[in-house]
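Number of protein chains: 2
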Amino acid sequence: MPASLAPVQSAEKVKAAAAAIDALQALVADDMREVNKTIIDRMQSPVVLIPQLAGHLIASGGKRLRPLLTLASGQLIGYEGRRHIKLAACVEFIHTATLLHDDVVDESKLRRGQETANEIWGNQASVLVGDFLFSRAFELMVEDGNLRVLAILSRASSIIAEGEVLQLTTANDLSTSEDTYLEVIAAKTAALFAAACEVTGVVSEQGEKVEEALAAYGRYLGIAFQIVDDALDYSAKQATLGKTVGDDFREGKVTLPVLLAWRRGTDDERTFWRRTMEDLDQQPGDLERAIHLMGQHNALTDTLERARHYGAMAKDALAIFPASDAKQILMGVVDFCIERGY
Amino acid sequence: MPASLAPVQSAEKVKAAAAAIDALQALVADDMREVNKTIIDRMQSPVVLIPQLAGHLIASGGKRLRPLLTLASGQLIGYEGRRHIKLAACVEFIHTATLLHDDVVDESKLRRGQETANEIWGNQASVLVGDFLFSRAFELMVEDGNLRVLAILSRASSIIAEGEVLQLTTANDLSTSEDTYLEVIAAKTAALFAAACEVTGVVSEQGEKVEEALAAYGRYLGIAFQIVDDALDYSAKQATLGKTVGDDFREGKVTLPVLLAWRRGTDDERTFWRRTMEDLDQQPGDLERAIHLMGQHNALTDTLERARHYGAMAKDALAIFPASDAKQILMGVVDFCIERGY
Chain A
1 MPASLAPVQS
11 AEKVKAAAAA
21 IDALQALVAD
31 DMREVNKTII
41 DRMQSPVVLI
51 PQLAGHLIAS
61 GGKRLRPLLT
71 LASGQLIGYE
81 GRRHIKLAAC
91 VEFIHTATLL
101 HDDVVDESKL
111 RRGQETANEI
121 WGNQASVLVG
131 DFLFSRAFEL
141 MVEDGNLRVL
151 AILSRASSII
161 AEGEVLQLTT
171 ANDLSTSEDT
181 YLEVIAAKTA
191 ALFAAACEVT
201 GVVSEQGEKV
211 EEALAAYGRY
221 LGIAFQIVDD
231 ALDYSAKQAT
241 LGKTVGDDFR
251 EGKVTLPVLL
261 AWRRGTDDER
271 TFWRRTMEDL
281 DQQPGDLERA
291 IHLMGQHNAL
301 TDTLERARHY
311 GAMAKDALAI
321 FPASDAKQIL
331 MGVVDFCIER
341 GY
Chain L
1 MPASLAPVQS
11 AEKVKAAAAA
21 IDALQALVAD
31 DMREVNKTII
41 DRMQSPVVLI
51 PQLAGHLIAS
61 GGKRLRPLLT
71 LASGQLIGYE
81 GRRHIKLAAC
91 VEFIHTATLL
101 HDDVVDESKL
111 RRGQETANEI
121 WGNQASVLVG
131 DFLFSRAFEL
141 MVEDGNLRVL
151 AILSRASSII
161 AEGEVLQLTT
171 ANDLSTSEDT
181 YLEVIAAKTA
191 ALFAAACEVT
201 GVVSEQGEKV
211 EEALAAYGRY
221 LGIAFQIVDD
231 ALDYSAKQAT
241 LGKTVGDDFR
251 EGKVTLPVLL
261 AWRRGTDDER
271 TFWRRTMEDL
281 DQQPGDLERA
291 IHLMGQHNAL
301 TDTLERARHY
311 GAMAKDALAI
321 FPASDAKQIL
331 MGVVDFCIER
341 GY
């Protein structure tokens with residue numbers, strides 16, 4: 001049923017995917033409690049609006065996939081220290097800061113099924129609390145004191161911002177190439193996934209090969225994750241996605257499903273895409289027509305195929321590590337990122 | 001002529017103040033050329049909108065007071081290394097990032113006499129390029145590799161964000177205390193002035209007393225600078241200030257001149273302040289009446305007196321350093337910050 005708002009993934013696979021994230025959470029449950037404690041502890045400020053606003057987003061039931069990856073990487077490589085706890089919190093702070101700024105930039109009203117912070121407290125507070133969390137992330141890193149970790153995470157932060165700006169300049173431009181699309185998502189999403197995994201390798205001091213493998217796993221996983229996210233914007237059920245279906249469409253964000261449907265479209269269809277995505281002249285029924293066209297041209301199913309390609313690369317990046325529960329679970333996380341319905 | 005838009009400072013003192021900043025620029029002219037080169041070099045990105053937008057603000061003729069202070073601190077303490085060049089650029093990047101976000105938060109249309117970046121490229125790009133510059137600042141610090149410098153500047157960044165949020169929560173609230181006002185400006189402005197001076201002390205490794213003295217000088221100077229800035233918003237000529245006179249008034253920002261006029265006002269005047277600052281119900285002539293009331297109650301002249309108090313503390317903080325050209329000039333910079341007409 002590609003022409004409807006139903007998920008493109010099979011219900012069975014979605015269920016298996018959910019089991020994978022449960023297994024990941026179970027694997028690192030003890031460490032994650034400490035991470036959550038650190039997050040709550042370090043988002044405090046005498047300026048009460050800061051923990052109030054940050055807490056709204058942090059307590060809103062995100063999966064905390066990135067810090068989970070930081071912790072699971074530790075199990076994969078047999079790291080026995082405690083430094084990854086603080087770094088996992090730091091990764092989540094950077095992620096939260098970018099979410100706050102993204103929601104301002106995208107004028108989003110809903111995230112994870114709740115009103116966004118900018119809807120409740122306004123853009124001003126969201127921008128500034130994002131800045132605070134970002135600075136606080138650096139304070140946490142400095143406390144850890146590893147200069148290579150600092151280099152990796154400060155570089156990742158620059159790359160994220162570059163990716164977001166690049167995305168802004170490609171919005172409403174249907175001539176965007178698939179390469180540019182990949183450049184945007186590699187920067188805005190995959191860079192932090194990669195850093196989240198890599199930093200555990202750095203503090204465990206097991207050498208370059210281990211760090212590279214972890215970074216590659218994170219990077220490919222992040223690319224797959226974002227590609228699927230972009231597909232879900234045209235296919236997920238609003239209740240499970242926790243955001244409004246069609247957000248990207250309404251903003252004229254040129255993501256992979258749009259790129260494929262546009263490239264495979266007739267002249268008449270291209271006129272439709274130009275009006276809706278470039279001129280942002282949208283009428284009732286346009287989102288449904290967009291989804292219908294994507295179905296007709298296999299744009300959503302092929303988008304997921306592209307994601308599976310990067311997912312396979314993520315799994316192969318783990319080849320250097322011996323079999324273990326952690327490895328099995330991290331393989332499952334790849335499936336989760338691809339087959340998830342939310 | 002306190003009841004007019006004319007400067008509260010005497011023309012003679014304004015002229016002497018300008019000479020002080022000229023002397024500061026001459027003192028560190030060679031180093032500053034390298035700082036400017038580093039700034040231009042490190043704001044580059046393959047995403048062209050980034051150097052374009054950042055360059056607009058960076059090239060707009062700001063005084064670059066903070067990096068100048070980083071460099072002059074080096075001369076004051078006889079530092080002969082080159083590490084302060086990169087740190088000065090880093091301080092200016094942090095400052096520029098906060099300006100970009102401030103202009104979004106304040107919805108400013110003019111800065112330094114030019115259209116703001118958010119007016120030209122929109123809020124979205126300003127938020128994201130601010131994030132980029134902020135991340136880039138951390139990359140520069142990491143390259144320097146001094147963990148204490150990293151701690152000082154990441155802490156300063158958190159404090160700046162805290163101060164900005166606190167300012168947001170005190171806007172339109174005439175019951176704000178002078179203590180809270182001071183807390184806001186110490187955080188949003190003085191923290192970076194302090195860090196800008198302190199970091200040179202850290203890399204020159206001359207001990208805690210030197211670092212403390214430099215930090216104290218910067219902190220008191222920053223407080224004086226911001227108090228004067230808040231007075232100038234009701235008194236400077238638009239052409240020299242390079243921003244619109246009355247911006248704070250229009251936003252209902254409760255700064256020291258307002259606090260003093262409010263506290264010294266009659267019941268009738270307080271009704272006026274409540275309507276204009278708390279309800280933001282403003283009519284033509286209201287700004288002129290606000291300035292008139294400030295004149296009647298010596299609110300602007302007493303605001304400058306408060307600034308002089310912190311200026312004196314800044315000068316005294318330099319007591320531990322022997323007489324030198326640099327010391328003389330840094331003393332003069334205090335006068336500049338207080339007596340400047342812009």
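Heads up: the protein sequence lines correspond to chains A and L, in order. Mapping to UniProt numbering: the first sequence position 62 is 62, numbers consecutive. Mapping to UniProt numbering: the second sequence position 32 is 32, numbers consecutive. The beta-carbon is built from N, C-alpha and C at its ideal position, and this holds for glycine as well.
Own chain, CB closer than 7 Å to residue i, minus 5 neighbours either side, in chain order
i	result
L:A239	At L:A239 the pLDDT is 47, less than 50, meaning the model places this residue with poor confidence and gives no usable figure here.
L:A326	L27, A72, Q75, L76
A:P257	D230, A231, Y234, M294, A299, L300, T303
A:T38	I85, K86, A89
Listed by chain order, chain L residues near residue i by CB distance under 8 Å
i	result
A:I223	What A:I223 touches in chain L: nothing, since even the nearest Cβ is about 18 Å away.
A:G145	L147
A:L128	H101, V105, A161, E164, V165, L168
Residue from the options with nearest C-alpha to residue i
i	options	result
L:A195	L:S235, L:N123, L:E107, L:E92	L:E92
A:E162	L:F193, L:S126, L:L182	L:S126
L:T70	L:G62, L:S60, L:R82	L:R82
A:A59	A:S204, A:I40, A:Y310, A:K109	A:I40
A:A287	A:R148, A:T301, A:G252, A:R306	The sequence given here has Leu at residue 287 of chain A, not Ala. Taking only the C-alpha atoms, the option nearest A:L287 is A:G252.
L:T255	L:Y217, L:R306, L:E211	L:R306
L:A191	L:E143, L:T170, L:R219, L:G207	L:R219
L:A231	L:D22, L:A290, L:F272	L:A290
residue 348 of chain A	A:I85, A:M277, A:G61	Outside the shown range of chain A, which is 1 to 342, sits residue 348 of chain A, and nothing can be said about it.
L:V333	L:S177, L:P46, L:G78, L:L65	L:L65
A:W121	L:A19, L:T189, L:S324, L:V165	L:V165
L:A134	A:S157, A:V142, A:V149, A:D335	The sequence given here places Phe at residue 134 of chain L; Ala does not occur at that position. Of A:S157, A:V142, A:V149, A:D335, the residue nearest in Cα terms is A:S157.
L:D281	L:A224, L:A216, L:R250, L:E269	L:R250
A:E143	L:R155, L:D30, L:H309, L:L330	L:R155
A:T189	A:G113, A:T276, A:I160	A:I160
L:P94	L:V104, L:L153, L:L24	In the sequence as presented, Pro is not what sits at residue 94 of chain L; that position holds Ile. Taking only the C-alpha atoms, the option nearest L:I94 is L:L153.
L:A171	A:K315, A:A151, A:L168, A:Q124	A:Q124
Range covered by the alpha helix (DSSP H) that runs through residue i
i	result
L:M313	299–317
A:K209	208–232
L:Y181	178–185
A:E34	29–42
A:I85	83–105
A:G265	Premise fails: A:G265 is in no alpha helix (DSSP H) and is neither H nor E.
L:I50	49–58
A:F249	247–251
Any non-hydrogen atom of the ligand COA within 8 Å of residue i CB
i	result
A:S154	Of the ligands one can find in the structure shown there are none, so the ligand COA has no counterpart to examine.
Amino acids of chain L, ordered along the chain, whose beta-carbon sits closer than 9 Å to that of residue i
i	result
A:A125	V105, V165, L168, T169
A:A20	Going along chain L, no residue has its Cβ under 9 Å from A:A20, so there is no contact; the nearest lies around 32 Å.
Own chain, CB closer than 6 Å to residue i, minus 5 neighbours either side, in chain order
i	result
L:P67	V35, A88, V91, E92
A:A213	A317, I320
L:G246	L287
A:E119	K109
A:R264	H297
A:H101	G130
A:F193	G218, L221, G222
Proximal residues of chain A, C-beta to C-beta of residue i below 7 Å
i	result
L:S154	S135, F138, E139, V142
L:I50	E162, V165
L:S45	E162
Per DSSP, the bridge partner or partners of residue i
i	result
L:R340	The partner list for L:R340 (beta bridge, DSSP) is empty, contrary to what the question assumes.
L:L110	L:E115
Beta-carbon proximity list for residue i, same chain, < 8 Å, skipping 5 on both sides
i	result
A:E12	none
L:E183	G163, L166
A:Q226	I185, K188, T189, A190
Residue i at chain D interface by Cβ criterion, 9 Å
i	result
L:S204	Protein chains in the displayed structure are A and L, and chain D is not among them.
Within chain L, the residues that residue i reaches when beta carbons sit closer than 7 Å
i	result
A:H95	Those within 7 Å of A:H95 in chain L number zero; the least Cβ separation is about 13 Å.
A:A215	Result: empty, since nearest Cβ-Cβ is about 17 Å, beyond 7 Å.
A:A151	V142
Interface residues of chain A facing residue i [CB-CB closer than 9 Å]
i	result
L:S175	Result: empty, since nearest Cβ-Cβ is about 16 Å, beyond 9 Å.
Contacts of residue i in chain A (Cβ-Cβ under 8 Å)
i	result
L:F132	S158, A161, E162, V165
L:L87	In chain order: nothing, as chain A lies at least about 15 Å away.
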